[in-house]
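A.B. asks:
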Amino acid sequence: VAKGAGKNQWRRYQAHLHNEMVERLELRSALDHAVNEGHFLLHYQPIVDLPSGTAVGFEALVRWHHPKRGVITPDQFIEVAEESGLILPMGRWVLEEALRTVAEWRRILPPGQAPYMSVNVSVRQFRESGFVDQVRTALAHTGVPPEALMLEITETLLVKDDERIWTDLGVLREMGIRIAIDDFGTGYSSLGYLRSRPIDVIKIDKTFIDDMVLGQQPMALVSGIVSLAQSLGLTVVAEGIEDATHREVLVRLGCPLGQGFLFSSPLGPTEVLAWMRSPQSIAV
Ligand code: C2E
Ligand code: MG
Ligand code: MG
Ligand code: MG
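According to UniProt numbering, the stretch in the sequence shown is residues 726 to 1009, in order.
(1) From Tyr738 to Glu973, what does the alpha carbon distance come to, in whole angstroms?
(2) Does DSSP put Gly965 in a helix, in a strand, or in coil?
(3) Let me know if Pro792 comes out buried or exposed under the rule of 16 or more other beta-carbons within 10 Å of its beta-carbon.
(4) On the DSSP letters alone, give me the boundaries of the alpha helix (DSSP H) that Ala999 sits inside.
(5) When the Cα atoms are used, what is the spatial distance from Arg831 to Pro994?
(6) Sort Thr932, Glu748, Leu959 by Cα distance to Ser908 and report the nearest one.
(7) Could you pull the start and end residues of the beta strand (DSSP E) that Arg926 belongs to?
(8) Beta-carbon separation of Pro843 and Ile890 under 8 Å?
(9) In the DSSP assignment, the alpha helix (DSSP H) including Glu804 goes from what residue to what residue?
(10) So is the beta-carbon of Asp907 under 7 Å away from any non-hydrogen atom of ligand 5?
(11) Assuming Arg903 and Val926 make a contact with CB atoms under 8 Å, what is their CB distance in whole Å?
(12) Here's a check: name, in chain order, each residue in its chain whose Cβ is nearer than 8 Å to the Cβ of Glu762, leaving out the five neighbours to either side.
(13) Between which two residues does the alpha helix (DSSP H) holding Val782 run?
(14) Examine chain D for any beta-carbon lying closer than 8 Å to the beta-carbon of Arg737, and answer yes or no.
(15) Measure from the alpha carbon of Val938 to the alpha carbon of each residue in Pro871, Leu957, Asn845, Asp968, then state which is nearest.
(16) I'd like to check one pair, Pro840 with Gly782: are the Cβ atoms closer than 8 Å?
(17) Given 8 Å as the limit, is there contact between the stretch 860-871 and the stretch 801-811, that is, 3 or more CB pairs closer than that?
(18) Which stretch, first to last residue, makes up the beta strand (DSSP E) that contains Pro771?
(19) My assumption, with CB atoms under 8 Å, is that Ile812 sits in contact with Arg788. Please give the rounded CB distance.
(20) Return yes when at least one heavy atom of ligand 1 lies under 7 Å from the C-beta of Asp925, else no.
(21) Please indicate yes or no: does the CB of Lys928 lie closer than 7 Å to some heavy atom of ligand 3?
(22) My parser needs the beta strand (DSSP E) runs of 3 or more residues fully inside the stretch 828-911; what are they?
(23) Note down, in chain order, each residue of its chain lying with its Cβ closer than 6 Å to the Cβ of Leu959, except the 5 sequence neighbours on either side.
(24) Quick one: what's Gln932 bridged to in DSSP?
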């Protein structure tokens, strides 16, 4: 608070802080309740082959089904889930549910269309000892081959360069699971880690895709990321593709995969099979 601020202003500021704290505590206790009651569900967004528009995989995105407030998206609760540690039981459920679901899809769909499942994992989950075993057990229980699982880890959260995380990622990758760097371009200031670390996929953050159509420079940036990835043998997924121009430019730049509202918003589990069978998943 600025020096010389009036008494009233100071009181308002304190009341504001107080409200914020109360809100956070309320959110935390509601989230605790939701974890115990299992009030979560997953939506799945197709990851498509950009030239053809065919789905190759799905990203599992958690939602909180609040009894009064309806469906709440993760940007409103992931942070509190991480701080409180509730991300651990929640993340465990997400992994198991996503694998159960993809196991079913892979039973139903013809082998050529069998999709993979991409699951977001928070750094906090990696720090929990036994995460690798948790993944191994979930794969064994559901019968999903490791090649059909991709784990996404946000780049900004890797900045701390925690060796333990990289060791675990290496073990998971040895098992055949693929590792993706999520929101690529927003975290690391150096690109060197791409060469030396156990990584298979980079997901270019939506902000780059948004800017790409604005001019030569942002486009050169995306183009540079795509060729860098190619030269390192990494696959690229472009996030947040909202219109046909984004897609055309990305195809021209040689970006193989993408996801975004142009193809589909995240879908409920039963909507996915219908989407897979519908013509728009084949040609957009
Ligand atoms: P993310 O992994 O980068 O996921 C992409 C987000 O962008 C999703 O938001 C998705 O619905 C949204 N999106 C996809 N296509 C478009 C598009 O064309 N335009 C726009 N404007 N948005 C698009 P969502 O579902 O709200 O998830 C937000 C973030 O929450 C995720 O970002 C991820 O970091 C985190 N998250 C989601 N599920 C989980 C989870 O199960 N565990 C953990 N640890 N984090 C999760
Ligand atoms: Mg993600
Ligand atoms: Mg992302
Ligand atoms: Mg994100």
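Backbone N, C-alpha and C define an ideal beta-carbon position, used for all residues, glycine too.
C.D. replies: Based on what the coordinates show:
(1) Within the sequence shown, residue 738 is the residue found at index 13, counting from 1. Within the sequence shown, residue 973 is the residue found at index 248, counting from 1. So the two alpha carbons sit approximately 49 Å from each other.
(2) Translated into positions along the sequence shown, residue 965 becomes position 240. Correct three-state label for Gly965: coil.
(3) Position 67 of the sequence shown, counted from the start, is the residue given in the question as residue 792. Burial call: exposed.
(4) Translated into positions along the sequence shown, residue 999 becomes position 274. Following the DSSP letters along the chain, one finds Ala999 inside the alpha helix (DSSP H) bounded by residues 994-1002.
(5) Counting from one through the sequence shown, the residue named residue 831 turns up at place 106. Counting from one through the sequence shown, the residue named residue 994 turns up at place 269. Rounded to whole angstroms, Arg831 and Pro994 show a C-alpha spacing of 13 Å.
(6) Residue 908 sits at position 183 when you count from the first residue of the sequence shown. Here residue 908 is Asp; the residue named in the question, Ser, does not match the sequence. It is Thr932 whose Cα lies nearest to the Cα of Asp908.
(7) One-based indexing of the sequence shown puts residue 926 at position 201. One detail in the question is off: residue 926 reads as Val in this sequence, not Arg. That run of the beta strand (DSSP E) goes 926-929.
(8) Stepping through the sequence shown from its first residue, residue 843 is reached at position 118. Stepping through the sequence shown from its first residue, residue 890 is reached at position 165. According to the sequence shown, residue 843 is Ser rather than Pro. Their beta carbons are not under 8 Å apart, which means Ser843 does not touch Ile890 by this criterion.
(9) As a first step, residue 804 is located in the sequence shown; it is residue number 79 there, counting from the start. It spans 803-809 - the alpha helix (DSSP H) in which Glu804 sits, taken as one unbroken run.
(10) This structure does not include ligand 5; its bound ligands are ligand 1, ligand 2, ligand 3 and ligand 4.
(11) Sequence index remark: in the sequence shown, residue 903 carries index 178 (1-based). Sequence index remark: in the sequence shown, residue 926 carries index 201 (1-based). Arg903 to Val926, Cβ: 6 Å. Contact.
(12) Walking along the sequence shown from the start, residue 762 turns up at place 37. No residues qualify anywhere along the chain.
(13) In the sequence shown, the residue the question calls residue 782 occupies position 57. First, the amino acid is wrong: residue 782 is Gly here, not Val. Gly782 -> not in any alpha helix (DSSP H); beta strand (DSSP E) instead, spanning 780-791.
(14) Within the model displayed, chain D is absent; a lone protein chain is all it includes.
(15) For the purposes of this step, residue 938 is taken as residue 213 along the sequence shown, with counting starting at 1. Ranking the options by Cα distance to Val938, first place goes to Asp968.
(16) On the sequence shown, position 57 is the one that residue 782 refers to. On the sequence shown, position 115 is the one that residue 840 refers to. Going by C-beta atoms, Gly782 is nearer than 8 Å to Pro840.
(17) Between the stretch 860-871 and the stretch 801-811, the count of Cβ pairs shorter than 8 Å is below three; the stretches do not touch.
(18) Taking the first residue of the sequence shown as 1, we reach residue 771 at position 46. DSSP places Pro771 in the uninterrupted beta strand (DSSP E) bounded by 765-774.
(19) Residue mapping note: residue 812 aligns to position 87 of the sequence shown, counting from 1. Residue mapping note: residue 788 aligns to position 63 of the sequence shown, counting from 1. Taking 8 Å as the upper bound for CB-CB distance, Ile812 and Arg788 are not in contact here, some 15 Å apart.
(20) In the sequence shown, the residue the question calls residue 925 occupies position 200. No - ligand 1 has no heavy atom lying nearer than 7 Å to the Cβ of Asp925.
(21) In the sequence shown, counting from the first residue as 1, residue 928 sits at position 203. Checking the Cβ of Lys928 against ligand 3 gives yes.
(22) If you keep only unbroken beta strand (DSSP E) runs of at least 3 residues inside the stretch 828-911, you get 841-845, 874-879, 903-909.
(23) By one-based count along the sequence shown, residue 959 stands at place 234. Residues of the same chain with a CB within less than 6 Å of the CB of Leu959, apart from the 5 flanking positions on each side, are Ile927 in chain order.
(24) As a working mapping, residue 932 is identified with position 207 in the sequence shown. The sequence given here places Thr at residue 932; Gln does not occur at that position. Assignment of beta-bridge partners to Thr932 by DSSP yields no partner.
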